[in-house]
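Let me begin by presenting the structure, written as structure tokens, before commenting on it.
Number of protein chains: 2
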Amino acid sequence: MRDTCEKPLNWRAEGTRAIGLAPRSLVHRMDESDSCTRCFQSRSCIQAGLLQNAKADRPVEQTAAIRLRKGQRLFAAGRPLDRVYAIRTGSFKSVMRAPDGRQQILGFHFSGDMIGLDGYAAQVYLCDAVAVETSEACEIDARVLDAAARDYPAVQRRIQALVADSMRRAQQNLLVLGSMQGAERLAHFLLDLSDRHRGLGLSSREFALHMTRKDIGSYLGLYSETVSRLFARFENAGLIQMTRRHQVQIADRTALSALLGRPSVSLRIVKSSPPTAD
Amino acid sequence: MRDTCEKPLNWRAEGTRAIGLAPRSLVHRMDESDSCTRCFQSRSCIQAGLLQNAKADRPVEQTAAIRLRKGQRLFAAGRPLDRVYAIRTGSFKSVMRAPDGRQQILGFHFSGDMIGLDGYAAQVYLCDAVAVETSEACEIDARVLDAAARDYPAVQRRIQALVADSMRRAQQNLLVLGSMQGAERLAHFLLDLSDRHRGLGLSSREFALHMTRKDIGSYLGLYSETVSRLFARFENAGLIQMTRRHQVQIADRTALSALLGRPSVSLRIVKSSPPTAD
DNA sequence: CGTTGATTTGAATATCCTCAACGTGCGTGG
DNA sequence: CCACGCACGTTGAGGATATTCAAATCAACG
Numbered sequence: 001m002r003d004t005c006e007k008p009l010n011w012r013a014e015g016t017r018a019i020g021l022a023p024r025s026l027v028h029r030m031d032e033s034d035s036c037t038r039c040f041q042s043r044s045c046i047q048a049g050l051l052q053n054a055k056a057d058r059p060v061e062q063t064a065a066i067r068l069r070k071g072q073r074l075f076a077a078g079r080p081l082d083r084v085y086a087i088r089t090g091s092f093k094s095v096m097r098a099p100d101g102r103q104q105i106l107g108f109h110f111s112g113d114m115i116g117l118d119g120y121a122a123q124v125y126l127c128d129a130v131a132v133e134t135s136e137a138c139e140i141d142a143r144v145l146d147a148a149a150r151d152y153p154a155v156q157r158r159i160q161a162l163v164a165d166s167m168r169r170a171q172q173n174l175l176v177l178g179s180m181q182g183a184e185r186l187a188h189f190l191l192d193l194s195d196r197h198r199g200l201g202l203s204s205r206e207f208a209l210h211m212t213r214k215d216i217g218s219y220l221g222l223y224s225e226t227v228s229r230l231f232a233r234f235e236n237a238g239l240i241q242m243t244r245r246h247q248v249q250i251a252d253r254t255a256l257s258a259l260l261g262r263p264s265v266s267l268r269i270v271k272s273s274p275p276t277a278d
Numbered sequence: 279m280r281d282t283c284e285k286p287l288n289w290r291a292e293g294t295r296a297i298g299l300a301p302r303s304l305v306h307r308m309d310e311s312d313s314c315t316r317c318f319q320s321r322s323c324i325q326a327g328l329l330q331n332a333k334a335d336r337p338v339e340q341t342a343a344i345r346l347r348k349g350q351r352l353f354a355a356g357r358p359l360d361r362v363y364a365i366r367t368g369s370f371k372s373v374m375r376a377p378d379g380r381q382q383i384l385g386f387h388f389s390g391d392m393i394g395l396d397g398y399a400a401q402v403y404l405c406d407a408v409a410v411e412t413s414e415a416c417e418i419d420a421r422v423l424d425a426a427a428r429d430y431p432a433v434q435r436r437i438q439a440l441v442a443d444s445m446r447r448a449q450q451n452l453l454v455l456g457s458m459q460g461a462e463r464l465a466h467f468l469l470d471l472s473d474r475h476r477g478l479g480l481s482s483r484e485f486a487l488h489m490t491r492k493d494i495g496s497y498l499g500l501y502s503e504t505v506s507r508l509f510a511r512f513e514n515a516g517l518i519q520m521t522r523r524h525q526v527q528i529a530d531r532t533a534l535s536a537l538l539g540r541p542s543v544s545l546r547i548v549k550s551s552p553p554t555a556d
């Protein structure tokens, strides 16, 4: 019943993780650097991850992963939820649009995350999903997923956990927006990203921020200028370092965490731009 | 199979509405002013509403509704979700506590609302539920609910819809906190309450705000002083009128709605406190 | 190499927080 | 029933924080 390849799969960086219950439960494994498209582009990895764990084997259908360029929309709010998506590469943002044109970014999603599940109960997408950069997503048919959930308790539980996460995340963000001020919000954001990157097996110390300052601002309830200034303050205070325009390095994780929990106590300039040789 | 009383039930004001799919689907009906405790205090109304609609009859267990005084807690975040609750009378707030002691109010809930369902997927309560005033709630055993959901698609759908609502509400509030300023947030809050009161068959023009200014502030991401000042500005501008300390009357709904969608344009004093004879 | 969009920086302003004092209403107990 | 105490609410003044508008800089891309 195995189909394509036998190589180890970098489950964490691929769509499979989204549903897969544990790496060892996957049928297919593949090297991180391997790009065996035949396997990646099929729905097989995901379903294999699902069904193998449920102690079943199933024939696998071949479908292409969806590729989106920056700014393109994966799904639109209000549409009936017929598929959910596992992000293979790149990143997406969840955008909510108010009738008056205003928009709010509800979250950012990275490789391995599932998106669309916040609308699972409503059976309707609650927000737009827009690619932050060129990205690929595996589509998972909602009916197939429902069927799997009906037949296999483990799958059912996994889906529930993912839905629960999106609820928890929304409520957590309410706390962030409702009772933190700028510097604290940004610190929280950076630490959250850091943790999630660690979860992906990537560096939690240095990572890319492909979204714009405006996007970060929308997510944090701030204006892009404010975000920009906060980044500058963090850098001056020695908390972070911008290695490139969209690449941040956590220089002092402890001090960043210390920003949480209390108002923006100090943020004194630590190094007044000493002309160091780098 | 019917047990206690045959009188018409004010479904809207009672816990039954929470799950009941439509008033006419209820087995038991009772007059609004009637206090037939035997029926109200039993789980029967709720389950009858559930099961009758699903075209089934079942024996009914007798359990008391829970009565809480102001400030008492119905359930606590982190505990396994073994029951959900339908509010019979009074009101509750959902409170999230951060490890650092800070707290954020996630929502207010009134008679007829179900609470606890935001943690349904997680199988754990995600927040505390605290009585805003003396209140009564009917408990619904999660296992009984699950069983009903398994057996009856209509019940399943109803629960999903309620879970979906709590998700939608959380996301909507993210928009409010993330991209509206004080006056707009309060206007939104008042209009939301107004609509919900209409939904309960109560006046959408005048209603009570039993929660404190501090609670409203926490919910809206503002300080109680700011909330107080905003109320004063609204009253001066002729948008609302405080009939009592905790009773508000929407005087100019159109103008209130107009506050949404754009920044706090004007809020000019309409009547400079003319010494009217009242 | 020029155009475009994003980002940074500056200055002025608005909003909201913070502290403090005072007023009000409510419940308790005399 | 009244007096008291206490929590809540209101109001004011000052300051911190974030917005807003404007201009300059930077980066990416054709």
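Each protein sequence line maps, in turn, to chains A and B.
The numbering used here applies: residue 1 is where the first sequence begins, and numbers increase by one.
The numbering used here applies: residue 279 is where the second sequence begins, and numbers increase by one.
From the three backbone atoms N, C-alpha and C, an ideal C-beta is built for every residue, glycine too.
#1: According to DSSP, which residues form a beta bridge with I330 of chain A?
#2: List, in order along the chain, the chain B residues whose C-beta lies closer than 7 Å to that of V163 of chain A?
#3: Can a CB atom of chain A be found closer than 9 Å to the CB of Y497 of chain B?
#4: Taking the alpha-carbon of A183 of chain A as reference, which of A:G238, A:V227 and A:Q72 has the nearest alpha-carbon?
#5: Under a three-way DSSP split, which group does L537 of chain B fall into?
#6: If you run the structure through DSSP and keep just helix, strand and coil, what is G107 of chain A?
#7: Spell out the partners DSSP gives K93 of chain A in its beta bridges.
#8: Can you list, in chain order, the residues of its chain whose CB lies under 8 Å from that of A121 of chain A, leaving out five sequence neighbours each side?
#9: State the DSSP-derived secondary structure class of S204 of chain A, mapped to helix, strand or coil.
#10: For L449 of chain B, which residues in the same chain have their Cβ closer than 8 Å to its Cβ, ignoring the five residues on either side in sequence?
#11: So A406 of chain B packs on V373 of chain B, CB below 8 Å; how close in whole Å?
#12: Identify the contact partners of A376 of chain B in chain A, using a Cβ-Cβ distance below 7 Å as the criterion.
#13: Closest to Q241 of chain A by CA distance: which of A:L220, A:L222, A:Y219 and A:E206 is it?
#14: Please identify, using Cβ separations under 7 Å, the residues of the segment 412–445 of chain B that lie next to chain A, in order along the chain.
#15: Apart from the five residues just before and just after R97 of chain A, which ones in its own chain have a Cβ nearer than 6 Å to its Cβ?
#16: Assuming L346 of chain B is part of the beta strand (DSSP E), what are its boundary residues?
#17: Closer than 9 Å, CB to CB, is L256 of chain A near chain B or not?
#18: Using the beta-carbon of each residue, which ones in chain B are nearer than 9 Å to S179 of chain A?
#19: DSSP puts I216 of chain A in a beta bridge; with which residues?
#20: Three or more beta-carbon pairs under 8 Å between the segment 176–190 of chain A and the segment 416–427 of chain B, yes or no?
#21: Quick one: what's got a C-beta closer than 7 Å to H488 of chain B's C-beta in the same chain, skipping five residues either side?
#22: Answer yes or no: do R73 of chain A and E136 of chain A have a C-beta to C-beta separation smaller than 9 Å?
#23: Any chance you could list the alpha helix (DSSP H) runs of at least 4 consecutive residues sitting entirely within the segment 108–178 of chain A, in chain order?
#24: Take the Cβ of A76 of chain A as the centre, count every other Cβ of all protein chains shown within 10 Å, and call the residue buried at 16 or more, exposed below.
#25: Would L191 of chain A pass as an interface residue toward chain B - the criterion being a Cβ-Cβ separation below 9 Å?
#26: Helix, strand or coil, according to DSSP, for L209 of chain A in the structure here?
#27: Quick one: give me the first and last residue of the alpha helix (DSSP H) that R463 of chain B is part of.
#28: Starting from R351 of chain B, trace the beta strand (DSSP E) both ways and give me its first and last residue.
#29: Distance cutoff 9 Å, beta carbons only. Does V124 of chain A sit that close to anything in chain B?
#30: Which partner residues does V362 of chain B have in the DSSP bridge list?
#31: Below 9 Å on C-beta distance, what does G261 of chain A contact in chain B?
#32: I'd like to check one pair, Y403 of chain B with L359 of chain B: are the Cβ atoms closer than 9 Å?
#33: So which residues of chain A does A448 of chain B contact, with C-beta pairs closer than 8 Å?
#34: Classify L259 of chain A as buried or exposed, calling it buried when 16 or more other Cβ atoms lie within 10 Å of its own Cβ.
#35: So which residues of chain B does D118 of chain A contact, with C-beta pairs closer than 7 Å?
From the atom records:
#1: Because chain A here runs from 1 to 278, residue 330 of chain A falls outside it and cannot be looked at.
#2: Position 163 of the first sequence, counted from the first residue, corresponds to residue 163 of chain A. Near V163 of chain A (Cβ distances below 7 Å), the residues of chain B are A399.
#3: The sequence position of residue 497 of chain B within the second sequence is 219, counting from 1. By this cut-off, Y497 of chain B is an interface position.
#4: As a first step, residue 183 of chain A is located in the first sequence; it is residue number 183 there, counting from the start. Cα-wise, what sits closest to A183 of chain A is A:V227.
#5: Position 259 of the second sequence holds residue 537 of chain B. In the structure shown, L537 of chain B sits in a helix (DSSP, three-state: H, G or I).
#6: Taking the first residue of the first sequence as 1, we reach residue 107 of chain A at position 107. G107 of chain A carries a strand assignment under DSSP once its states are collapsed to helix, strand and coil.
#7: For the purposes of this step, residue 93 of chain A is taken as residue 93 along the first sequence, with counting starting at 1. Note: K93 of chain A sits in a beta bridge opposite A:F108 and A:V130.
#8: Along the first sequence, one-based indexing puts residue 121 of chain A at 121. Setting aside the 5 residues that flank it on each side, A121 of chain A is surrounded in the same chain by V163, each with a C-beta closer than 8 Å to its C-beta; the list follows chain order.
#9: As a working note, residue 204 of chain A is residue 204 in the first sequence. Note: S204 of chain A maps to coil in three-state DSSP.
#10: The residue you call residue 449 of chain B lines up with position 171 of the second sequence. Looking at the sequence shown, residue 449 of chain B is not Leu but Gln. So no residue of the chain qualifies.
#11: Numbered from 1 along the second sequence, position 128 holds the residue referred to as residue 406 of chain B. Numbered from 1 along the second sequence, position 95 holds the residue referred to as residue 373 of chain B. Note that residue 406 of chain B corresponds to Asp in the displayed sequence, not to Ala. 4 Å between Cβ atoms; contact.
#12: In the second sequence, counting from the first residue as 1, residue 376 of chain B sits at position 98. A376 of chain B reaches chain A at L175, counting residues in chain order whose Cβ is nearer than 7 Å.
#13: Walking along the first sequence from the start, residue 241 of chain A turns up at place 241. Minimum Cα distance to Q241 of chain A is reached at A:E206.
#14: Going along the segment 412–445 of chain B in chain order, one finds Q438, V441, A442 and M445 with a Cβ nearer than 7 Å to chain A.
#15: The count along the first sequence starts at 1 and reaches residue 97 of chain A at position 97. The residues are Q103.
#16: Here residue 346 of chain B corresponds to residue number 68 of the second sequence, with the count starting at 1. Counting along the chain, the beta strand (DSSP E) containing L346 of chain B begins and ends at I344 to L346.
#17: As a first step, residue 256 of chain A is located in the first sequence; it is residue number 256 there, counting from the start. Not one chain B Cβ lies under 9 Å of L256 of chain A.
#18: Here residue 179 of chain A refers to the residue found at position 179 of the first sequence. Chain B residues near S179 of chain A: A376, R380, Q381, Q382, S496 and G499.
#19: Start at 1 with the first residue of the first sequence, and residue 216 of chain A comes out as number 216. Residue pairing by DSSP leaves I216 of chain A without any beta bridge partner.
#20: In short, these stretches do not touch, since the Cβ pair count stays below three.
#21: Working through the second sequence from its first residue, we reach residue 488 of chain B at position 210. Excluding positions up to five away in sequence, the list reads S369, V410, E411 and H524.
#22: To locate residue 73 of chain A, count along the first sequence from 1; it is residue 73. To locate residue 136 of chain A, count along the first sequence from 1; it is residue 136. Cβ distance not < 9 Å, so R73 of chain A and E136 of chain A don't count as in contact.
#23: The alpha helix (DSSP H) runs lying completely inside the segment 108–178 of chain A and spanning 4 residues or more are 142–151, given in chain order.
#24: As a working mapping, residue 76 of chain A is identified with position 76 in the first sequence. Classification of A76 of chain A: exposed, given that the 10 Å Cβ count is below 16.
#25: In the first sequence, counting from the first residue as 1, residue 191 of chain A sits at position 191. Not one chain B Cβ lies under 9 Å of L191 of chain A.
#26: Your numbering for residue 209 of chain A matches position 209 in the first sequence. In the displayed model, L209 of chain A falls within coil according to three-state DSSP, outside both helix and strand.
#27: As a position in the second sequence, residue 463 of chain B is number 185, starting the count at 1. In the DSSP annotation of this structure, the continuous segment of the alpha helix (DSSP H) that includes R463 of chain B starts and ends at G460 to G477.
#28: One-based indexing of the second sequence puts residue 351 of chain B at position 73. Where R351 of chain B is concerned, the enclosing beta strand (DSSP E) stretches over R351 to F353.
#29: The residue labelled residue 124 of chain A in the question sits at position 124 within the first sequence. Taking Cβ atoms only, chain B reaches closer than 9 Å to V124 of chain A, which makes this a yes.
#30: Taking the second sequence and counting its residues from 1, the one referred to as residue 362 of chain B is at position 84. When DSSP reads this structure, V362 of chain B sits in a beta bridge with B:I418.
#31: The residue you call residue 261 of chain A lines up with position 261 of the first sequence. Identification of chain B residues near G261 of chain A by a Cβ-Cβ cut-off of 9 Å yields A376, P377, D378, G379 and R380, ordered along the chain.
#32: If you number the second sequence from 1, residue 359 of chain B lands on position 81. If you number the second sequence from 1, residue 403 of chain B lands on position 125. For the 9 Å CB-CB criterion, L359 of chain B and Y403 of chain B form a contact.
#33: In the second sequence, residue 448 of chain B corresponds to position 170, counting from 1. Using a Cβ-Cβ cut-off of 8 Å, A448 of chain B is close to M167, A170, Q171 and L174 of chain A, given in chain order.
#34: To locate residue 259 of chain A, count along the first sequence from 1; it is residue 259. Burial state of L259 of chain A is buried, judged by a 10 Å Cβ sphere holding 16 or more other Cβ atoms.
#35: Start at 1 with the first residue of the first sequence, and residue 118 of chain A comes out as number 118. Under the 7 Å cutoff, chain B gives M445.
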